[in-house]
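Enquirer: Can you keep this structure in mind? I'll have questions shortly.
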Amino acid sequence: GHCEPLILAFLAEKSIELEELDKKIAESYRVLNKSTRNAGYYRSRLDLQLVKVRTIRSRSGRPEDRKLYLLHEDLDAYYFIQKLRFLCAFFTEKEVFHSTWTPDGISELMQYFELVYGRMPAFAQAYFHACQIFLGKSEELHFTAFRERLAEWEKEDSQDPDIEDLYVFLLNHFLLQYNRGELTVLFRIGELYDSMLASGLLLEEGLISTEHFKNFIGTKCRLGQVDRAKDFFNAYITSLTDHQEGAVDSYNSICISFYENRLQYVRKEIEPLLEFPEATKIDIYYGLNLRCLLLKTYYSILEEVDLYEWDEVDEKLKQLSRSFQSYIERRKIPQLSRIRFDNFRVGILRLYT
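Throughout the sequence shown, residue numbering follows the numbering used here, covering 8 to 360 in sequence.
Following this line, the structure appears as structure tokens:
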């Protein structure tokens, strides 16, 4: 595979017969051409070209005849993929960790990439559109183009780990936007999750992470695709990387029930979990999410119960809001998460009032 050029370079230094070396280079090309055209592919082609150029008997021939232009083509393709990939990683890091470091000349770089777009491999083009989305440029146009370029790439190899990176970069971006209240991106999140599920990228060695599991179900429920969420739950509940002693199973099952409008059932399920959390060893974030879900449940129940039950639920809503505030303050969670959960609590109280 990709280590072959290094072996050939070594053999070239050992003055192996040139004809024999040419045969080995030709065979390496045949093997390489069957592999996926990712960054490693173009890097290996470049290394092979360098070995070939160094062993040319005569350098008096025209560059076109010696095909020296291939060096530039392979180098450019490798550079386009890696540079755009690193830029996507940078944008993700900046959003998630609020990094202050910025690479030089991003604006000029993106202008250059726009000029040479037609020369890029499909995978580099997908990264280019992802970068434009990060930069806030015509999201709908670039998201459509991103999906098209990625679909073209996936015809070659839908399991390439670089594809998963690219999906996760954009997923993080849209999830952060959604958490900031930009609700329209939920459709984008749903599309990305559907693609990842179809291509097998949601699974790693047959298992799915609790984060992807929860986000997939939450996204489908909010989009009104509750049956899709239920089918997914039933299909993958036994394939979780970690059940967190039942917290993952309980929360997601209850979440689906809420969107089925089974409010009294949800109330009956959550209240004991919060009263005796040690029974399920609820994770901090599941504890926060369950309280949010119960607040929404109480608020929704108030719209449909009779006067006698209304007083009971009304009091429970106010009690939970007060206890939730102290629960948020006691948890060791990032400041932004603390603010987001408290804003939700306050928002429910405003609606209630």
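Ideal Cβ positions, reconstructed from N, Cα and C, are used throughout, including at glycine.
Can the beta-carbon of LEU301 be found closer than 8 Å to that of LEU327?
Expert: As a first step, residue 301 is located in the sequence shown; it is residue number 294 there, counting from the start. As a first step, residue 327 is located in the sequence shown; it is residue number 320 there, counting from the start. Taking 8 Å as the Cβ cut-off, LEU301 and LEU327 qualify as a contacting pair.
Enquirer: One question on the structure: do LEU75 and VAL58 come within less than 8 Å of each other, judged by their Cβ atoms?
Expert: Start at 1 with the first residue of the sequence shown, and residue 75 comes out as number 68. Start at 1 with the first residue of the sequence shown, and residue 58 comes out as number 51. No, they are not a contact pair.
Enquirer: Check LEU230 in the structure and name its three-state DSSP category.
Expert: The residue labelled residue 230 in the question sits at position 223 within the sequence shown. Residue state, collapsed to three classes: coil.
Enquirer: Measuring alpha carbon to alpha carbon, tell me which of GLY225, PHE150 and ARG298 ends up nearest GLU267.
Expert: As a working mapping, residue 267 is identified with position 260 in the sequence shown. It is GLY225 whose Cα lies nearest to the Cα of GLU267.
Enquirer: For PHE87, is the classification buried or exposed, using 16 other Cβ atoms within 10 angstroms of its Cβ as the cut-off for buried?
Expert: Taking the sequence shown and counting its residues from 1, the one referred to as residue 87 is at position 80. Its Cβ being crowded by 16 or more others within 10 Å, PHE87 is buried.
Enquirer: On a Cα-Cα basis, can you pick out the residue from SER344, ARG187 and GLU121 that is closest to GLN139?
Expert: Indexing the sequence shown from 1 puts residue 139 at position 132. Here the closest residue by C-alpha is GLU121.
Enquirer: Under 8 Å between the Cβ atoms of CYS95 and TYR134?
Expert: Taking the sequence shown and counting its residues from 1, the one referred to as residue 95 is at position 88. Taking the sequence shown and counting its residues from 1, the one referred to as residue 134 is at position 127. In this structure, CYS95 sits near TYR134, with a CB-CB distance shorter than 8 Å.
Enquirer: Using 8 Å as the threshold, is the segment 256 to 263 in touch with the segment 235 to 244, meaning 3 or more CB pairs across them?
Expert: yes
Enquirer: Exposed or buried, what is ALA205 when buried is set at 16 or more other beta-carbons lying within 10 Å of its beta-carbon?
Expert: Position 198 of the sequence shown, counted from the first residue, corresponds to residue 205. By the Cβ-count criterion, ALA205 is exposed, with fewer than 16 other Cβ atoms from all chains shown falling within 10 Å of its own Cβ.
Enquirer: Is LEU309 closer than 8 Å to LEU297 when the C-beta atoms are compared?
Expert: As a first step, residue 297 is located in the sequence shown; it is residue number 290 there, counting from the start. As a first step, residue 309 is located in the sequence shown; it is residue number 302 there, counting from the start. No, they are not a contact pair.
Enquirer: Please give the ranges of any alpha helix (DSSP H) in the segment 43 to 100, keeping only runs that are unbroken, at least 4 residues long and fully inside the region.
Expert: 46 to 61 and 70 to 73
Enquirer: Taking DSSP as the reference, what is the three-state secondary structure of GLU211?
Expert: Sequence index remark: in the sequence shown, residue 211 carries index 204 (1-based). GLU211 falls in the strand class under three-state DSSP.
Enquirer: Report yes or no: do three or more beta-carbon pairs, one from the segment 94 to 110 and one from the segment 172 to 180, lie closer than 8 Å?
Expert: yes
Enquirer: Between the Cα of ALA84 and the Cα atoms of GLY47, SER307, THR109 and HIS219, which residue gives the shortest distance?
Expert: As a position in the sequence shown, residue 84 is number 77, starting the count at 1. Minimum Cα distance to ALA84 is reached at GLY47.
Enquirer: How many Å lie between GLN232 and GLU115 at the Cα?
Expert: Taking the first residue of the sequence shown as position 1, residue 232 is located at position 225. Taking the first residue of the sequence shown as position 1, residue 115 is located at position 108. C-alpha separation (whole angstroms): 43 Å.
Enquirer: By Cβ distance, which residues of its chain are closer than 6 Å to ALA131, with the 5 residues on each side in sequence left out?
Expert: Counted from its first residue, the sequence shown places residue 131 at position 124. Excluding positions up to five away in sequence, the list reads PHE87, ILE88 and LEU91.
Enquirer: By how many angstroms is the C-alpha of GLY197 removed from the C-alpha of ALA152?
Expert: Numbered from its first residue, the sequence shown carries residue 152 at position 145. Numbered from its first residue, the sequence shown carries residue 197 at position 190. For ALA152 and GLY197, the distance between alpha carbons rounds to 17 Å.
Enquirer: Leaving out five residues on either side along the sequence, give the residues of the same chain with a beta carbon under 6 Å from the beta carbon of HIS136.
Expert: The residue you call residue 136 lines up with position 129 of the sequence shown. For HIS136, where only same-chain residues beyond five positions count, the Cβ hits under 6 Å are HIS149, ALA152 and PHE153.
Enquirer: Taking the Cβ atom as the reference point for each residue, do TYR305 and VAL320 lie within a distance shorter than 8 Å?
Expert: Sequence index remark: in the sequence shown, residue 305 carries index 298 (1-based). Sequence index remark: in the sequence shown, residue 320 carries index 313 (1-based). Result yes, Cβ atoms of TYR305 and VAL320 sit closer than 8 Å.
Enquirer: Classify LEU358 as helix, strand or coil using the three-state DSSP reduction.
Expert: Looking up residue 358 in the sequence shown gives position 351. Reduced to three states, the DSSP call for LEU358 is helix.
Enquirer: Output the boundary residues of the alpha helix (DSSP H) element that contains TYR315.
Expert: Here the question's residue 315 lines up with position 308 in the sequence shown. Run containing TYR315: 314 to 337, per the alpha helix (DSSP H) assignment.
Enquirer: Indicate whether LEU55 and SER42 have their beta-carbon atoms separated by less than 8 Å.
Expert: As a first step, residue 55 must be located in the sequence shown, where it is residue number 48. As a first step, residue 42 must be located in the sequence shown, where it is residue number 35. No, they are not a contact pair.
Enquirer: Which residues does DSSP pair with LEU247 in a beta bridge?
Expert: Residue mapping note: residue 247 aligns to position 240 of the sequence shown, counting from 1. Answer is ILE215, bridged to LEU247.
Enquirer: How big is the Cα-Cα spacing for GLU212 and ASP167?
Expert: Translated into the one-based positions of the sequence shown, residue 212 becomes position 205. Translated into the one-based positions of the sequence shown, residue 167 becomes position 160. Cα to Cα, the separation comes out at about 14 Å.
Enquirer: Pick helix, strand or coil for ASN268, following the three-state DSSP scheme.
Expert: Position 261 of the sequence shown, counted from the start, is the residue given in the question as residue 268. Coil at ASN268, not helix or strand.
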